[in-house]
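Trainee: What follows is a structure written as structure tokens; I'll ask about it next.
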Amino acid sequence: MSLFKKMRAVFHDDWCSQCQAVMEVVHKQLYALPTMTVGHYHSHDDADYYKANLVKVNKKAEIPTGMYACGMHVYRCKECGHRAVKLTVFLPVRDQEKQEQLLYFDNGEMDDFIYR
Amino acid sequence: MEEDKKMKKVNIGYVLAYIFIPVLIVIACGAVAAAMDTTGSLAVVLLFVPIVLAVAWWSFGGNFFYDKKKEAFEKSLDAQGFVRNQTFNGGNCLVAVDIEHGKIAVLFRWNMFQPYIFSAKRIQKTWVDDGRGGAGFMEGSSRVSFLFTVDDIKIRVNTFTSNKRWRMDSNYILTGISKADMMVEILNSAKAKG
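Written out as structure tokens, the structure is:
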């Protein structure tokens, strides 16, 4: 694979990190993050933290004002079958979102949480 | 603590003392130095040190004492069984909310010797001011605050201030709006319980 394609994969989150093919979104879910409220945000990279604290919600309106939220995208590569999870941590503010952190889990760290 | 007394955001006596007592001390020291015709280190102490102390007082002294008062106020609230579900420090005003008992506690920077605790039912109106101004690409804000009125007295608590205008979708403004929205919601919850 050319260097150019590898660089594109880094910046293109729906591209497979193994074969650089475009992955499909197989699951999307919104979560509330009750442990973090506005003004008290601390970044976490550990999948265990999110597995312990994410609370499933159906729509953004269910998340209390000032509470952080987390959008989850589960990707699957059509070519090689590789799976990846993207977590977007953000603060919902009226009709806007203040994005705090983007996390990628490529090695199945979130699998037991998603498929429990 | 004042439970029902009408609130005063500013104690004029304290503000005047804060501004003018250092000035009077500097003038008095200068007068003493002139009267005694001092020279050398005594002149330095009488003329220079009071000015340094006055500037230090205006720069740090007021903040230092306000911080100490806030700490003492929070401790006294805890000791009284006031459940601080949310405490917001807006720079010139500290607001603590006890949703369970429907009570609000307020300490104003310029009236720090007079803390107030009152029923949240006395709140007449709550709202958020996002400070939006300008038009087109100049649209933005330099201040976001939440406001509430108690006995027709408007209390403004800033959640964000800046000396420049920020776009309405900037992280600073969004954070300020989120804090203000949250505080308004909490105040309304306390009012419903009060």
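If you're matching them up, the sequences are chains X and F in order. Just so you know, we're using our numbering here: the first sequence kicks off at 1 and counts up by one. Just so you know, we're using our numbering here: the second sequence kicks off at 1 and counts up by one. Idealized CB from N, CA, C, for every residue including glycine.
Looking at the C-beta of F:L174, does it have a partner C-beta in chain X at a distance below 8 Å?
Mentor: Here residue 174 of chain F refers to the residue found at position 174 when the second sequence is read from its first residue. Chain X, which has a Cβ nearer than 8 Å to the Cβ of F:L174, makes this yes.
Trainee: Please name the residue, chosen from F:T149, F:G176, F:E74, F:M112, that lies closest to F:D98 on a Cα-to-Cα basis.
Mentor: In the second sequence, residue 98 of chain F corresponds to position 98, counting from 1. Restricting attention to F:T149, F:G176, F:E74, F:M112, the CA atom closest to the CA of F:D98 is found in F:E74.
Trainee: With a 10 Å radius around its C-beta and 16 neighbouring C-beta atoms as the bar for buried, classify X:C80 as buried or exposed.
Mentor: To locate residue 80 of chain X, count along the first sequence from 1; it is residue 80. The residue in question, X:C80, is exposed, as its Cβ has fewer than 16 Cβ neighbours within 10 Å.
Trainee: Compare the C-beta of F:D78 against all C-beta atoms of chain X and say whether one is closer than 8 Å.
Mentor: The residue given as residue 78 of chain F occupies position 78 in the second sequence. Chain X, which has no Cβ nearer than 8 Å to the Cβ of F:D78, makes this no.
Trainee: Find the residues of chain X that neighbour F:I104, judging by a C-beta separation of less than 9 Å, and give them in chain order.
Mentor: Here the question's residue 104 of chain F lines up with position 104 in the second sequence. Residues of chain X passing the Cβ test: none, with the nearest at roughly 18 Å.
Trainee: Could you name each continuous alpha helix (DSSP H) segment of 4 residues or more that falls completely within the region 63-89 of chain F, going from the start of the chain to the end?
Mentor: none
Trainee: Checking the sheet assignment: what are the DSSP bridge partners for X:M23?
Mentor: In the first sequence, the residue the question calls residue 23 of chain X occupies position 23. Partner(s): X:C77.
Trainee: Could you give the C-beta distance for F:Q124 and F:V150, rounded to a whole number, given that I count them as a contact under 8 Å?
Mentor: One-based indexing of the second sequence puts residue 124 of chain F at position 124. One-based indexing of the second sequence puts residue 150 of chain F at position 150. Going by Cβ atoms, the distance from F:Q124 to F:V150 rounds to 7 Å, so yes, they are a contact pair.
Trainee: Output the distance between the C-alpha atoms of F:V52 and F:V45, rounded to the nearest integer angstrom.
Mentor: Mapped onto the second sequence, residue 52 of chain F falls at position 52. Mapped onto the second sequence, residue 45 of chain F falls at position 45. Using only the alpha carbons, I get a separation of about 10 Å.
Trainee: Enumerated in chain order, which unbroken segments of the beta strand (DSSP E) with a length of 3 residues or greater are wholly contained in the region 86-171 of chain F?
Mentor: 86-89, 93-98, 103-108, 116-119, 123-129, 141-150, 153-166
Trainee: Check whether the region 157-165 of chain F touches the region 138-147 of chain F, taking contact to mean three or more Cβ pairs, one atom from each stretch, closer than 8 Å.
Mentor: yes
Trainee: Considering only C-alpha positions, which residue in the set X:H40, X:G66, X:C19 is nearest to X:C77?
Mentor: On the first sequence, residue 77 of chain X is found 77 positions in, with the first residue counted as 1. With distances taken between Cα atoms, X:C77 lies closest to X:C19.
Trainee: Count the C-beta pairs between the region 118-133 of chain F and the region 29-36 of chain F that are closer than 8 Å, then say yes if the count reaches three, no if not.
Mentor: no
Trainee: By how many angstroms is the C-alpha of X:L54 removed from the C-alpha of X:F11?
Mentor: Counted from its first residue, the first sequence places residue 11 of chain X at position 11. Counted from its first residue, the first sequence places residue 54 of chain X at position 54. Computed Cα separation, rounded: 26 Å.
Trainee: Name the DSSP beta bridge partners of X:L30, please?
Mentor: Locating residue 30 of chain X in the first sequence gives position 30, counting from the first residue. Paired residues: X:V57, X:G71.
Trainee: For F:K164, count neighbouring C-beta atoms within 10 Å of its own C-beta (all shown protein chains included) and say buried if the count is 16 or more, exposed if not.
Mentor: Counting from 1 along the second sequence, the entry for residue 164 of chain F is found at position 164. Flag for F:K164 reads exposed.
Trainee: For a contact defined as C-beta to C-beta under 8 Å, what are the partners of X:R94 on chain F?
Mentor: Residue numbering aside, residue 94 of chain X sits at position 94 when the first sequence is read from its first letter. Within chain F, the residues near X:R94 are I177, D181.
Trainee: Under 6 Å Cβ to Cβ from X:F113, same chain only, skipping five residues before and after it: list those, please.
Mentor: Here residue 113 of chain X refers to the residue found at position 113 when the first sequence is read from its first residue. Here the set comprises K51.
Trainee: Interface residues of chain F around X:L91 at Cβ under 8 Å?
Mentor: Your numbering for residue 91 of chain X matches position 91 in the first sequence. Chain-order list of chain F residues neighbouring X:L91: L174, T175, S178, by C-beta distance under 8 Å.
Trainee: Any beta carbon from chain F within less than 8 Å of X:K98's own beta carbon?
Mentor: On the first sequence, residue 98 of chain X is found 98 positions in, with the first residue counted as 1. Yes - at least one Cβ of chain F is within 8 Å of the one on X:K98.
Trainee: Which same chain residues end up closer than 6 Å to F:M112 when comparing Cβ atoms and leaving out the 5 residues on each side of it in sequence?
Mentor: For the purposes of this step, residue 112 of chain F is taken as the residue at position 112 of the second sequence. Cβ neighbours of F:M112 beyond the five flanking positions: Y66, K69.
Trainee: Rounded to a whole number of angstroms, what is the C-alpha to C-alpha distance between F:T175 and F:D181?
Mentor: Start at 1 with the first residue of the second sequence, and residue 175 of chain F comes out as number 175. Start at 1 with the first residue of the second sequence, and residue 181 of chain F comes out as number 181. Roughly 10 Å between the two C-alpha positions.
Trainee: Secondary structure at F:F20, three-state DSSP: helix, strand or coil?
Mentor: As a position in the second sequence, residue 20 of chain F is number 20, starting the count at 1. Helix.
Trainee: Is the shortest distance between the beta-carbon of F:N92 and the beta-carbons of chain X less than 8 Å?
Mentor: Translated into the one-based positions of the second sequence, residue 92 of chain F becomes position 92. Not a single CB atom of chain X sits nearer than 8 Å to the CB of F:N92.
Trainee: Name the chain F residues that come within less than 8 Å of X:T35, Cβ to Cβ?
Mentor: Taking the first residue of the first sequence as 1, we reach residue 35 of chain X at position 35. Within 8 Å Cβ-Cβ: nothing; X:T35 doesn't reach chain F, min ~15 Å.
Trainee: Would you report the Cα separation of F:V107 and F:C93, rounded to the nearest angstrom?
Mentor: Looking up residue 107 of chain F in the second sequence gives position 107. Looking up residue 93 of chain F in the second sequence gives position 93. The amino acid occupying residue 107 of chain F in the given sequence is Leu; Val does not appear at that position. Each residue's Cα considered, the two are about 6 Å apart.
Trainee: Is F:D67 close to chain X, meaning its C-beta is less than 8 Å from at least one C-beta of that chain?
Mentor: Mapped onto the second sequence, residue 67 of chain F falls at position 67. No - not a single Cβ of chain X is within 8 Å of the one on F:D67.
Trainee: Count the other CB atoms within 10 Å of the CB of X:V22; is the residue buried (16 or more) or exposed (fewer)?
Mentor: Here residue 22 of chain X corresponds to residue number 22 of the first sequence, with the count starting at 1. By the 10 Å Cβ count, X:V22 comes out exposed.
Trainee: Hey, X:Y31 and X:V57 are a contact pair by Cβ (cut 8 Å); roughly how many whole angstroms apart?
Mentor: Position 31 of the first sequence holds residue 31 of chain X. Position 57 of the first sequence holds residue 57 of chain X. Indeed they touch by this definition, with Cβ atoms about 6 Å apart.
Trainee: Among the candidates F:I117, F:I27, F:I25, whose CA atom is the shortest distance from the CA of F:K6?
Mentor: Within the second sequence, numbered from 1, the residue matching residue 6 of chain F stands at position 6. Nearest option by C-alpha distance: F:I117.
Trainee: Can you tell which of X:Q101, X:C70, X:E109 has the C-alpha that lies nearest to the C-alpha of X:K28?
Mentor: Residue mapping note: residue 28 of chain X aligns to position 28 of the first sequence, counting from 1. Nearest option by C-alpha distance: X:C70.
Trainee: Does any CB atom of chain X fall closer than 8 Å to the CB of F:N171?
Mentor: For this step, residue 171 of chain F is matched to residue 171 along the second sequence. True, the Cβ-Cβ gap to chain X drops below 8 Å.
Trainee: With a cut-off of 8 Å, does the C-beta of X:G66 fall near any C-beta of chain F?
Mentor: Numbered from 1 along the first sequence, position 66 holds the residue referred to as residue 66 of chain X. Yes, its Cβ sits closer than 8 Å to a Cβ of chain F.
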